[in-house]
Structure formats: C-alpha cells, structure tokens
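Chemist: Sequence order for the protein chains is L and B.
Sequential numbering of the first sequence, starting at 1, is according to this note's numbering.
Sequential numbering of the second sequence, starting at 1, is according to this note's numbering.
For each residue, glycine too, the CB sits at the ideal point set by N, CA and C.
Since the structure is predicted, the reported quantities are computational estimates derived from the model, not experimental observations.
First the structure, then my questions, so here it is.
Protein chains: 2
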Amino acid sequence: MLIEPKVLKGFRDFLPPAEITRRNLTEKIEASFRSFGFVPIDTPALEYAEILLGKGGGETEKQIYRFKDNGDRDVALRFDLTVPFARFVALHQGELAFPFKRYHIAKVWRGENTQRGRYREFTQCDFDIIGSDSPAADFEILLMIRATLLGLGTDVRIHLNHRGLFNRFLAHLGISEKSADVLRTVDKLAKVGADETGKSLACLAGDSNARKILDFINAKGSFEETLDRITELSGVCEESSRLALLRRFMLDMGSGDVFVLDPSITRGLDYYTGVVFETFLTELPDIGSICSGGRYDNLAGLYSKAKISGVGSSIGLDRMIAALESLGKLPAAATYAGTAIACLKEEQSGLYQALASRFREAGIPCEVFLEAADDGKLVRQFVLAEKKGIRWLVIPGENPLQDVLTLRDIGARQNREGLSPGEALNWIATHTGADSK
Amino acid sequence: MLIEPKVLKGFRDFLPPAEITRRNLTEKIEASFRSFGFVPIDTPALEYAEILLGKGGGETEKQIYRFKDNGDRDVALRFDLTVPFARFVALHQGELAFPFKRYHIAKVWRGENTQRGRYREFTQCDFDIIGSDSPAADFEILLMIRATLLGLGTDVRIHLNHRGLFNRFLAHLGISEKSADVLRTVDKLAKVGADETGKSLACLAGDSNARKILDFINAKGSFEETLDRITELSGVCEESSRLALLRRFMLDMGSGDVFVLDPSITRGLDYYTGVVFETFLTELPDIGSICSGGRYDNLAGLYSKAKISGVGSSIGLDRMIAALESLGKLPAAATYAGTAIACLKEEQSGLYQALASRFREAGIPCEVFLEAADDGKLVRQFVLAEKKGIRWLVIPGENPLQDVLTLRDIGARQNREGLSPGEALNWIATHTGADSK
C-alpha cells in the first residue's frame, strides 16, 4: 500500500528553477542589507505560545499553529518575525550594540484560509533599526527600501505619513478617542474607495468631520505643498518638523522624487506611533505595497521594562516575485552551472572530474555527466544539457586531460573543435554573462 | 505583568556574530555544491504525519513534533531532509531531469532528550544524486565532500566500505539472516571498542564467526591491500569490482590519499545497500564523522512504484562549527560592513548617506552612524565602531561630499587626515582583506 505523496494545502515544494529564483532574490536583498551595515539574527521556529500570543489576540490566535509538545509545553510556530524579535531584544539587550540594525529573512506559518491564494508557509524579510529615535534612522530605512528594490531592477515610489501628525489633527477635531477606528478606516481607502470610506467616517465621526478627514487625507501636491497643507490643519509641531527634516535628507541625498507625502497612509497596526510608509512599484502600482512599515515606540514592552523604540519594515517576498515575474524581470535559471563535461566512457569518470575541477578552480561551476550511452552517441546528453539549462558541453578527447576537446554551445547547436582545456576555459569565461558566477 | 522572555529547551537564538559565522559557512558549502552542478530545492517544514512517519518507527515517533492542525489534520514538523526528499521525488518525478543532483540546506526538528548537548532545532546540509546506478555518482559524492570541506579550510580522510560486500561475506559464513544485527553491532565499534563488539558478535553469531567478522572489519593496510584481503574473504563479485573502479577514479583524480577502505564502516541505517562512508577531519578525528552517507536502491518506495536509486550524504553543521572553532579556523566577524561614516551633525544625515552610497556603489559595505554626541565628541562612536567590529571610521568634513575627511583605523587607533572621499575609498579597498566583500 503506497502512501499518497502530497503536501498540505497552503504549503509548497520549490523545484530547482523556483528555488534558484528565490535564492537569487534573497541573496540580492541580503547583499543590500549588508552593504548598509545591517546584521542577521535567527530565532527558533517554535516558541512558547504565551510569548508569541502576548496579551492574546483574536485573529492571531485563530491563525497560529499551536500545540502541546512531548513535554506538555504549550508551544506554537512563529507567525511573524516581529514578535520573536521583540522577545529576542528583551532577552539579549545587554549583548547588543545600540542602535542595533538587524535583518531576519526566514519562514513564518499561519493557518489562514487559503482561498485567496494565500500561503500557510511563507518567507518574510524584516529589517529594523532599534534603540534610536533619530529621524536619521527613519530615513535610513526608507533609503534602504529604495536601494534594495533598485537592486532587484525595479524603481519605486515610497508613500509616507506621520501617525502622530494625523492624531494631532484628530485632536483638533475633538475626536482623539476614535483615533484607532479612524486610522483603520482610512487604511482601507485604497481597497474600498473614497465613497465607502466617507460613509464609514461619517458614521464614526459625523458628516462634517468626515469631510475634514477626507480633505486631510486627500491633500495632493508636491511633498512640500502637502506638508504645508497638513501642517496647517494639524498645527506646527515636532511631527511636522520631523517630516520637514526627513524631506531635507531626501533632497540632500538627491532622491526627492522617490518619496510621496501621503496623508492617507496610516497602516492598520496599532503599534506604530511615528512615521509610517508603503512602497509601490512605479511600473506596477496596482499590485499594492510590497514593502511597508513604520516607527514604534515600545517594541519589547510585553517582555521587558526597557522602552526600546525603533523603525522597521518588511519585504513580502512572494508578492515581490509575482511582481517581477509579471514585469518580465525575473531571469529564469535551472542551474548555477553553465558548463558540463560529457561522458564518453564511464571508466574515465576520474579524469572527467579532474578536468572539471580545473574549471571549478577557475571559478566556472562545472557539472560532470555520469553515464555514457551504450551506442556511444551523445544526443541524449545534448538533450539532458538543454533540460538542465546548461549552455556549454565539453566533449573531452581520448585522453581527457591532455588531448584537445570539443566545446558545444547547446543553445546554438554549434561545436568548436580542437580547443585545449585552457582555451575552452577562456572561451567560456569570456562568452558567459551573469549565469556563470 | 511582564512575560518572561525565554526560548524552549534545545532551541537557540543566534546573535549576529554566531549567525554571520553560520551564514559564511553555509554560503561556502553552497558555493561548492553549486560548482558541481547541484541545484537547490525546498520543501515544507510541516507535512502530513503519515508521510513523515512512513511505516511508523519507534524512535522517530517518540522524537517527532506531531499535532492536529486547525483543520484537524494529523501533521508533523520534518525531522530530517531525506523523508521529505523521498516524498518530493515521488510527487515530482515527471518534472525532474535524471540523474538529478540536488542539495537542501534547512532546519529540522526533533524533540530529543537534550541532556547530551543535542539540539531540538538544527540545520542539515543534504546532497544526493538520484536516478543513477553509476559508480561515477558514488565517486562524485565522495569528491564533493572532500572539495567542500577543503573549501572550509579542513582536510579530511573519507572512510568507505560496501554494504553488499559485507553481506556477501556474511553469506559465506552462513549468517545472512543476521545481517542487520551484525551491521548495527559493527557500526558501534568506534564507540564501544573491539572487546565489547567481539562479545556482542559472539552472542549473535558464535565465537568462531565473531573472530572472522572482527578479522574482516579489522583488515588494515593500503586501500589496495584491504580490497585484496576482503575480496578474498567474500569472493570476487560486482561489489568488489565497483570498489576497484572507485579506486581507479580516485587515483585518476590524483586524490588517492584522501580515501581509506575501512570494512568496519557499516552505517546503522537499514536503507543503505551499496557504498557507505564516513568523513573524519585529519586534524580532529576524535570528534567523529562530520559527513556520512551511502548508496540506497529505493528512495521513494513508500510513495511510488518507481524504484529510484541514488547516493547521498549530509554535513552536520553544528558539529562542523564546533570542530572549526576548536581548530581556530572560524574567523569571527560581527558585521559585514568594515566601514562606517561618523555622525557629526544629525541634520547632515542625508549627506552622510550620499557619501556612504559612494562606498557601497564601489562594493564597500558602509554603515552610517545615526546620532551625534551633544558635546560634539566622537569617543562614543569610536567605542560603538569597535563593538560592532568596524575597522574604518570615516569622519566627514564640514561639507561631507566636498571637503576632505579623516579616516580612522579603529583597531590601530590611528587617523589619516586630509583624504578626499575617493582617496579614502581606495585606501579602504587596498587595506581590507576578506572582510570587505
């Protein structure tokens, strides 16, 4: 009786081409994070449920993978990287150098309803600066988003706002106590449209206030014009000064065009207290924000008396992959090795490996084919090379290390004959682009 | 009421220095795998328990993290990468190009007793060639172990044996039916010693057979001498011919010294049917095998009628790290960025980032410090740079992008003054080793 080989709904196998794509992407993302001096951490996939759930929360509790382990401990799989980071900081604050700039690229698990193409296992790429209130930290996160996504071949517009400024405006209207509800309602503007949002706001705060709020969040114009307009509505304050300083940083850096001051950005999550932002691809804005985040003033409050503020963000890898795919910016690769040695006689495998190691030592990844056809013909190896995404097939001579060889360009179906191993190596090195690394 | 920030027993946080070490190591391992044309896959952390447990197994069942998910499915965390690979191959065999060479570096979970310093969450680095019976595949796996560990700065001796040859020998003795027990007993030789092993074998197979088995597994000498001796004891057969061919590959490759024919190697696991091997560091053999494996003839039999043979191995990352550490071969690094820009005036942060981006664009990772001291003194930034493992601190001029700057060597406590940004960049590039990438 065979067991049916299947994966759980919402979970995925990654075959080599998809996995190579994901790795190429995360390696580029990591290289960018590292170039800014961010350092990696890792935390357990499994934690005490009490730690992950904190005060407990309706939606989270329903989605989390939670169970009793063999020691009867109440444990759960992490559902994001923020809560484990808060616990990590509370536990290790004495060992960290502040401001602490960390990234964490890892899988998380949520038992969500998978109807809308959501996954139950997916990768998050989080990056945060903690232990600094400086606007320079806000700016660095914004800049890093831009640099990282530019490194993936996509330009972005980053829409930002200041939660505190919005709250001051609501205080002016005398509806501070409804702040959380208003923020959540405004957060859905892009999804449900202005009419619907207006109606919801009217129910929450009355017709007149609803109009004023819509007026505030719809302030359109240059960064400077919008800042003037919302400062007028909320009053000059430290929040508006911070936005002005951030604007100066942007201009000093020569990247003013990248940033849009957008008062309709609120981010639904309650823990943000400062700048909040969302990132849109200029060529594909409709896919929604592919990198959001903001400033918070008490990261680890559930686990520590120390009040640790910070600013951070997260790239949604799956959405990013989907976007790059639909933009045709996801180079497909089925292998890292663009070169292979053909197998003419299986008993020569030691010599083929010796030949291949010359290529490898020169920085050219090189596979060795393991089996020769009984009839001595190479056609099956041509087909295999093509299937594997190999471009150069080295066909060795009688004595593989001494004799000249033939180099076949699999795609072009062309042979170059009479090359020494060194000549073949040089030819491959000069005729191969990014696919040989 | 604060929640105590703690991790589950057997689980670990990785702070940046430890995580950077792990990443440097896995990146080198991956680069080696890729250079041989191996391609990565990934599978879910969570699978149907039925699939992971297969026919069910005593030890595994006790160690596995198994639970009911929100949809009442019987699920479990993977406890190794072999079983998910078997399931993967059964499910996707039509999509793969055979022989298929894959690697998989990922975490696995076992609720083991943690008394002996074992972890409940750890990383495995598996690599296999499936769909080929060729001795060339056996040889490639052996060679890749050597090349990969050499790339980590350690030389190895790989001890190998052929299960089939051992079984033929047992058949000669007329005790084939005790093969599994004998193999398991012999597998413990290094742990319990020859005396103890002799006694256990005598109980299993009688005094005379025990002596003959000890004689067989103790055949010492060169590869060729040992092969002659055990061929004599078991008879000439395809297994001895395969070992002779493997020996030829080793000599053709010029790596004869690396390999030891060791009839005491049996590997306890039942599913191996051909060559089996263990890998020892020449400088630290007592730590035990850091990379073991072998050939199997039916990988996916639980899930598919297709009989898929292969050969594979696995590097134990934690043991490897411990070994390199005790050999002093684990370069410590607390950051990827060897350079930072000091902060003199926070309102100049945009200009500091512009300066840093020149370094980053030249391939020099560069952090920007975010906060200036109130008294204008830099001593706290010197301390921070040292704590972060930064070597070069760039102290910008009044106008950071135009004026000359001072470059401080943090370790040497020396300043070089009056450098243009370009001069500083060149100085860093030429005076930094592997830590700037």
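With distances taken Cα to Cα, identify the nearest neighbour of Pro-365(L) among Glu-347(L), Asp-128(L), Val-83(L) and Ala-340(L).
Modeler: Per the Cα distances, Ala-340(L).
Chemist: Given a cut-off of 7 Å, decide if Ala-412(L) and Leu-378(L) are closer than it, judged by their beta-carbon atoms.
Modeler: No, the pair does not count as a contact, with Cβ atoms beyond the cut-off.
Chemist: Since Pro-344(B) is in the beta strand (DSSP E), which residue starts that stretch and which ends it?
Modeler: One detail in the question is off: residue 344(B) reads as Leu in this sequence, not Pro. Premise fails: Leu-344(B) is in no beta strand (DSSP E) and is neither H nor E.
Chemist: Could you tell me which uninterrupted beta strand (DSSP E) segments, each at least 3 residues in length, are contained entirely in the region 128-184 of chain L, listed from first to last along the chain?
Modeler: The qualifying runs are 156-162.
Chemist: Would you list, in chain order, the members of the region 124-144 of chain L that have their beta-carbon closer than 7 Å to a beta-carbon of chain B?
Modeler: Correct list: Ser-132, Ser-134, Ala-136, Ala-137, Phe-139, Glu-140 and Leu-143.
Chemist: Distance check for Arg-73(B) and Glu-59(B), CA to CA, integer angstroms please.
Modeler: The straight-line gap from Cα to Cα measures roughly 22 Å.
Chemist: By Cβ distance, which residues of its chain are closer than 7 Å to Phe-277(L), with the 5 residues on each side in sequence left out?
Modeler: Excluding positions up to five away in sequence, the list reads Leu-142, Ile-158, His-159, Leu-160, Ile-265, Ser-292, Gly-293 and Gly-294.
Chemist: Identify the contact partners of Gly-111(B) in chain L, using a Cβ-Cβ distance below 9 Å as the criterion.
Modeler: The contacting residues are Asp-69, Asn-70 and Gly-71.
Chemist: Looking at chain B, is there any beta carbon in it that lies within less than 7 Å of the beta carbon of Tyr-336(L)?
Modeler: With 7 Å as the cut-off, Tyr-336(L) counts as an interface residue toward chain B.
Chemist: Compile a chain-ordered list of the residues in the region 311-328 of chain L whose CB is closer than 8 Å to at least one CB of chain B.
Modeler: Within the region 311-328 of chain L, no residue qualifies.
Chemist: Using a Cβ cut-off of 7 Å (strictly closer), state whether Met-1(L) contacts chain B.
Modeler: Taking Cβ atoms only, chain B never reaches closer than 7 Å to Met-1(L), which makes this a no.
Chemist: Mind listing which residues of the region 16-45 of chain B have their C-beta closer than 7 Å to chain L's C-betas, in chain order?
Modeler: Residues Pro-16, Glu-19, Ile-20, Arg-23, Arg-34, Ser-35, Phe-36, Gly-37, Val-39, Pro-40, Ile-41, Asp-42, Thr-43, Pro-44 and Ala-45.
Chemist: Say whether chain L places a C-beta atom closer than 7 Å to the C-beta of Gly-221(B).
Modeler: No, Gly-221(B) does not count as interfacial toward chain L.
Chemist: If Arg-360(B) and Ser-35(L) are in contact, beta carbons under 8 Å, what's the gap, nearest whole angstrom?
Modeler: Sure, about 5 Å apart at Cβ, within 8 Å.
Chemist: Does DSSP classify Thr-60(B) as helix, strand or coil?
Modeler: Helix.
Chemist: Please report the straight-line C-alpha distance between Tyr-271(B) and Thr-185(B), rounded to a whole angstrom.
Modeler: Rounded to whole angstroms, Tyr-271(B) to Thr-185(B) spans 16 Å at the Cα level.
Chemist: Along chain B, which residues have their Cβ under 7 Å away from the Cβ of Ala-354(L)?
Modeler: Neighbours of Ala-354(L) on chain B, chain order: Asp-252, Met-253 and Gly-254.
Chemist: Would you check if there are 3 or more beta carbon pairs closer than 8 Å linking the region 298-305 of chain B to the region 83-94 of chain B?
Modeler: At 8 Å Cβ cutoff, the stretches touch.
Chemist: Whose Cβ in chain L lies nearer than 9 Å to the Cβ of Asp-155(B)?
Modeler: Correct list: empty, because the minimum Cβ distance to chain L is about 16 Å.
Chemist: Should the region 344-362 of chain B be called in touch with the region 326-334 of chain B, which here means at least 3 C-beta pairs below 8 Å?
Modeler: In short, these stretches do not touch, since the Cβ pair count stays below three.
Chemist: Whose C-alpha, out of Ile-175(L), Asp-403(L), Lys-388(L) and Leu-405(L), is nearest the C-alpha of Phe-98(B)?
Modeler: Among Ile-175(L), Asp-403(L), Lys-388(L) and Leu-405(L), the Cα nearest to that of Phe-98(B) is on Lys-388(L).
Chemist: Compute the distance between the beta-carbons of Leu-407(L) and Leu-425(L), then report whether it is under 7 Å.
Modeler: No, Cβ-Cβ distance for Leu-407(L) and Leu-425(L) is not below 7 Å.
Chemist: Going along the chain, which residues of its own chain have a beta-carbon closer than 8 Å to the beta-carbon of Val-39(L), five neighbours each way excluded?
Modeler: Lys-101, Arg-102 and Tyr-103, listed in sequence order.
Chemist: How would you list, in chain order, the residues of chain B whose beta-carbon sits under 8 Å from the beta-carbon of Arg-211(L)?
Modeler: Residues of chain B passing the Cβ test: none, with the nearest at roughly 37 Å.
Chemist: To the nearest angstrom, report how far apart Tyr-119(L) and Glu-47(B) are at their CA atoms.
Modeler: One C-alpha to the other measures close to 14 Å.
Chemist: Quick one: give me the first and last residue of the beta strand (DSSP E) that Cys-277(B) is part of.
Modeler: Looking at the sequence itself, residue 277(B) is Phe, so the reference to Cys does not match. Element bounds for Phe-277(B): 272-281.
Chemist: For Phe-249(L) versus Gly-350(B), is the C-beta distance shorter than 7 Å?
Modeler: Yes, these two residues count as a Cβ contact at 7 Å.
Chemist: Quick one: residues in its chain with C-beta nearer than 7 Å to the C-beta of Asp-252(B), no 5 flanking neighbours on either side, listed in chain order?
Modeler: Once the five neighbours on either side are set aside, Asp-252(B) has no close Cβ partner at all.
Chemist: Under 8 Å by Cβ, that's how I've got Cys-125(L) and Ser-314(L) pegged, so tell me the actual separation to the nearest angstrom.
Modeler: At roughly 6 Å, the Cβ-Cβ gap stays under 8 Å, so Cys-125(L) and Ser-314(L) are in contact.
Chemist: Going by CA-CA distance only, name the one from Asp-262(L), Glu-50(L) and Leu-281(L) that's closest to Gly-153(L).
Modeler: Ranking Asp-262(L), Glu-50(L) and Leu-281(L) by Cα distance to Gly-153(L) puts Leu-281(L) first.
Chemist: On the three-state DSSP scale, how would you describe Ser-313(B)?
Modeler: Note: Ser-313(B) maps to strand in three-state DSSP.
Chemist: Quick one: is Asp-13(B) near chain L, going by C-beta distance under 7 Å?
Modeler: Interface residue, yes.
Chemist: Output the residue ranges of the alpha helix (DSSP H) runs that lie fully inside the region 188-258 of chain B and measure 4 residues or longer, sorted by chain position.
Modeler: List check, alpha helix (DSSP H) in window: 189-192, 194-205, 207-217, 223-234 and 238-252.
Chemist: Which of the residues in the region 89-109 of chain L, read from start to end, lie with their CB under 8 Å from any CB of chain B?
Modeler: If the cut-off is 8 Å between Cβ atoms, the region 89-109 of chain L has Ala-90, Leu-91, His-92, Glu-95, Leu-96, Ala-97, Pro-99, Lys-101, Arg-102, Lys-107 and Trp-109 near chain B.
Chemist: Closest to Ile-105(B) by CA distance: which of Glu-27(B), Gly-111(B), Ile-51(B) and Asn-70(B) is it?
Modeler: Looking at the Cα atoms, Glu-27(B) is the closest of the given residues.
Chemist: Hey, out of Ala-180(B), Tyr-65(B), Ile-145(B) and Arg-66(B), whose CA is closest to Leu-269(B)'s CA?
Modeler: Among Ala-180(B), Tyr-65(B), Ile-145(B) and Arg-66(B), the Cα nearest to that of Leu-269(B) belongs to Ala-180(B).
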